[in-house]
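Chains as they are written, first to last, in the numbering used here: chain E, 1 to 353; chain H, 354 to 706. Here is the structure we will look at, set down as structure tokens.
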């Protein structure tokens, strides 16, 4: 190192610290690994779980649940991380911010998120809670009952937000689930402010109706102050405005956010943007194998379309195509060549894949 | 402990050392975790892999392959371990003998094999190679290209074979893949001798045509000396007798083993037993999602049938039903209630599930 003195050494450092980042979308969300096993209804009842919901659990409860689960399948998950993986699969340049620990599960998450070229450089925790895991029981009716131990992921703090990455990305995508971690709420606000200061777009997904119920006021404040693009399914949208009236909810969301993409399952999605209301059909699906990650994947297609300056209708159609791929197999990350699939499904789309 | 002296203390020790084991099938095989990711043909070519084959790799090569694989899905595997999981899912009482290390992957394997009630008490290695892993690249044509790092699993030695478990089981099931580990070959012979001394049945699966090519003479010797029930697919059977003539191979296998169950893919299986030749149809499959583990699962149904004293035809049919379940989803271990499925598919079968 003796020879690298003076200005040449400085240059080396500068290059290392400030690589040329050219990112389409950076996601901020839970760095979590999914651990799945089949179970029957009696198992859920016996262990006090409510089918189809996501429950936060502590490490002891997570260990207790794992010890009674059947043979498991493990795969990286996390709502925003799944979306980022989808955007990368479509050919987008991506980054991710989320907190792992320096353990084996954390190494697995890192491998998987970086495997598709995503920039991931959040410093792992070297002590404290283990890497987050979501213990998922899959019942024969294909419903998923989730028990989430947030662990290290829940400790994401404003200082973990890589502002250089945020400023380098055209869109910052925030995962609603992270609102269950108080320090992460602050991280969302500082990331949003930095993004807007750099004239970037801020997108948010509501993640889950119960998550919306837990943080309704805080979400509304975040959306009104910072969010340009909102993703939700229709149940989450109803929860956000505490209403049963979908049309009313659409009008309310139109008032508080520039673009809202509301997914409707088999009925596709509806995109609200100013005075516009755009209905987008779902893409054909041969058989619904597992709907986990459909919303995450829809957001991937939509956001990728935005970074390629596609029309909102084409953004929605890209979302539909990406969601149809995820629904056709187990797991929440793409298993087929999404670029080729999108190019084939949308020959009239203005995007070059 | 002061109070437990004399004969009462002795009784406690005896009970602890010799619990009442009542096992249907004990498997001896690789204790391995599968790590799967999608890949295209160009990836295989670029990394020097031959599609559809299993290659043994060292730890460095395994790390190098993992570092270039896409986002992975992890699940416990191992041919005999999959079979044991299938027998347990059918309601059988099972044991497994295989070597893990005391690392996180080993803990995952232990969780998964014991989750269904299987007795697994092989002492984990506390130093040396890590727990075995099989890095599997899945191409769009659903073929699997496997890179196996045997690690701790390959160190299974005769002293690891829990003779109490072997003597307690009605059937000892040996995995051909273990023949790639020299110490395991000796373990097979000592386990077989102990099983026969206790008037138990010894079964063997040939695992893989290349594995058969690597160990043809040793396999023939093992079969002639020790094996009562042989499992193979037709390609492995041809490899065993170095022939292209299936009928010739059937006659040869009839001479050297009491029962041979040869799987034929969509054509079901043929069971050879003395002068008998029993054709068994395949069970209907809606869509072939992933054929990995079909042979392992067939063996599970067949062996479970044997422990319930079913006819060889019914053993074969149980094998077909169990295989059809595995083929219908990703992964090599059952995801549905195999007992209910078998009871429904085979209402005329003499077994009470």
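Beta carbons are placed, not taken as given, at the ideal position from N, Cα and C, and that holds for glycine.
Legend entry - Test item: CB-CB of residue 525 of chain H and residue 553 of chain H under 8 Å: yes
Legend entry - Cut-off 8 Å between Cβ atoms - residues of its own chain near residue 505 of chain H, not counting five sequence neighbours on either side: 384, 452, 453, 454, 459, 477, 478, 481, 482, 483, 484, 485
Legend entry - residue 91 of chain E - DSSP class collapsed to helix/strand/coil: coil
Legend entry - Alpha-carbon spacing of residue 539 of chain H relative to residue 156 of chain E, whole angstroms: 52 Å
Legend entry - Closest by C-alpha distance to residue 704 of chain H, when choosing among H/571, H/543, H/660, H/378: H/660
Legend entry - Pair within 8 Å by beta-carbon distance, residue 220 of chain E and residue 240 of chain E: yes
Inset, instruction - At 8 Å on the CB atoms, spell out the chain H contacts of residue 140 of chain E, in chain order. - result: 689, 690
Legend entry - Inter-residue Cα distance where the pair is residue 288 of chain E and residue 297 of chain E: 15 Å
Inset, instruction - Just the C-alpha distance for residue 423 of chain H and residue 299 of chain E, rounded to the nearest angstrom, thanks. - result: 21 Å
Legend entry - N-terminal and C-terminal residue of the beta strand (DSSP E) that residue 387 of chain H is part of: 385 to 391
Legend entry - Nonlocal neighbours in the same chain, by C-beta distance under 6 Å from residue 189 of chain E, ignoring five residues either side: none
Legend entry - Distance between beta carbons of residue 548 of chain H and residue 514 of chain H, contact taken as under 8 Å: So it is not a contact: roughly 10 Å between Cβ atoms.
Legend entry - Distance cut-off 7 Å: residue 77 of chain E Cβ against heavy atoms of the ligand NAD: As far as ligands go, the structure on display features none, and thus does not contain the ligand NAD.
Inset, instruction - Below 6 Å CB to CB, which residues in the same chain sit around residue 293 of chain E once its five sequence neighbours on both sides are set aside? - result: 82, 326, 332
Inset, instruction - Establish whether the CB of residue 70 of chain E and some CB of chain H are separated by less than 8 Å. - result: yes
Legend entry - Closer than 9 Å at the beta carbon, the chain E residues around residue 464 of chain H: 66, 67, 69, 71, 72
Inset, instruction - Check the Cβ-Cβ distances between residue 469 of chain H and every residue of chain E, and say whether any is below 8 Å. - result: yes
Inset, instruction - Could you please give the first and the last residue of the uninterrupted alpha helix (DSSP H) stretch that includes residue 133 of chain E? - result: Looking at the DSSP string, residue 133 of chain E is not in any alpha helix (DSSP H); the run it does join, the beta strand (DSSP E), is 132 to 138.
Legend entry - Alpha-carbon spacing of residue 51 of chain E relative to residue 148 of chain E, whole angstroms: 14 Å
Legend entry - Residues that residue 98 of chain E contacts on chain H, provided the C-beta gap is smaller than 9 Å: The premise fails here: residue 98 of chain E is roughly 15 Å from chain H at the closest Cβ pair, so nothing lies under 9 Å.
Legend entry - Cβ shell of residue 407 of chain H (< 7 Å), same chain only, five flanking positions each side left out: 499, 501, 561, 563
Legend entry - Best match in E/322, E/247, E/242, E/96 for proximity to residue 281 of chain E [C-alpha to C-alpha]: E/322
Legend entry - For residue 626 of chain H, the first and last residue of its enclosing alpha helix (DSSP H): No alpha helix (DSSP H) contains residue 626 of chain H, which is instead part of the beta strand (DSSP E) from 622 to 626.
Legend entry - Three-state secondary structure assigned by DSSP to residue 306 of chain E: helix
Inset, instruction - Verify whether the separation of the beta carbon atoms of residue 474 of chain H and residue 378 of chain H is less than 8 Å. - result: no
Legend entry - Coil, strand or helix - residue 706 of chain H by DSSP: coil
Inset, instruction - Kindly list, in the order they appear in chain H, the residues whose Cβ is closer than 7 Å to that of residue 276 of chain E. - result: Neighbours of residue 276 of chain E on chain H: none; closest Cβ ~36 Å, over 7 Å.
Legend entry - Sequence-distant residues of its chain with Cβ nearer than 7 Å to residue 43 of chain E (five each side left out): 137
Inset, instruction - Below 8 Å between beta carbons is the criterion; list the residues of the region 388 to 403 of chain H that meet it against any residue of chain E, in chain order. - result: 390, 391, 393
Legend entry - residue 614 of chain H beta carbon less than 8 Å from that of residue 672 of chain H: yes
Inset, instruction - Identify whether residue 276 of chain E lies in helix, strand or coil by the three-state DSSP scheme. - result: strand
Legend entry - Ranges of the alpha helix (DSSP H) found wholly within the region 533 to 613 of chain H, counting only runs of at least 4: 535 to 550, 562 to 567, 569 to 579, 587 to 593, 599 to 609
Inset, instruction - Please determine, among H/566, H/668, H/637, the residue with the shortest C-alpha to C-alpha distance to residue 591 of chain H. - result: H/566
Inset, instruction - Might you give, ordered along the chain, the residues of its own chain that have their beta carbon closer than 6 Å to the beta carbon of residue 103 of chain E, omitting 5 neighbours on each side? - result: 130, 131
Legend entry - Enclosing alpha helix (DSSP H) for residue 516 of chain H [first to last residue]: 516 to 521
Legend entry - Members of the region 429 to 457 of chain H that neighbour chain E once the beta carbon cut-off is set at 8 Å: 429, 438, 456, 457
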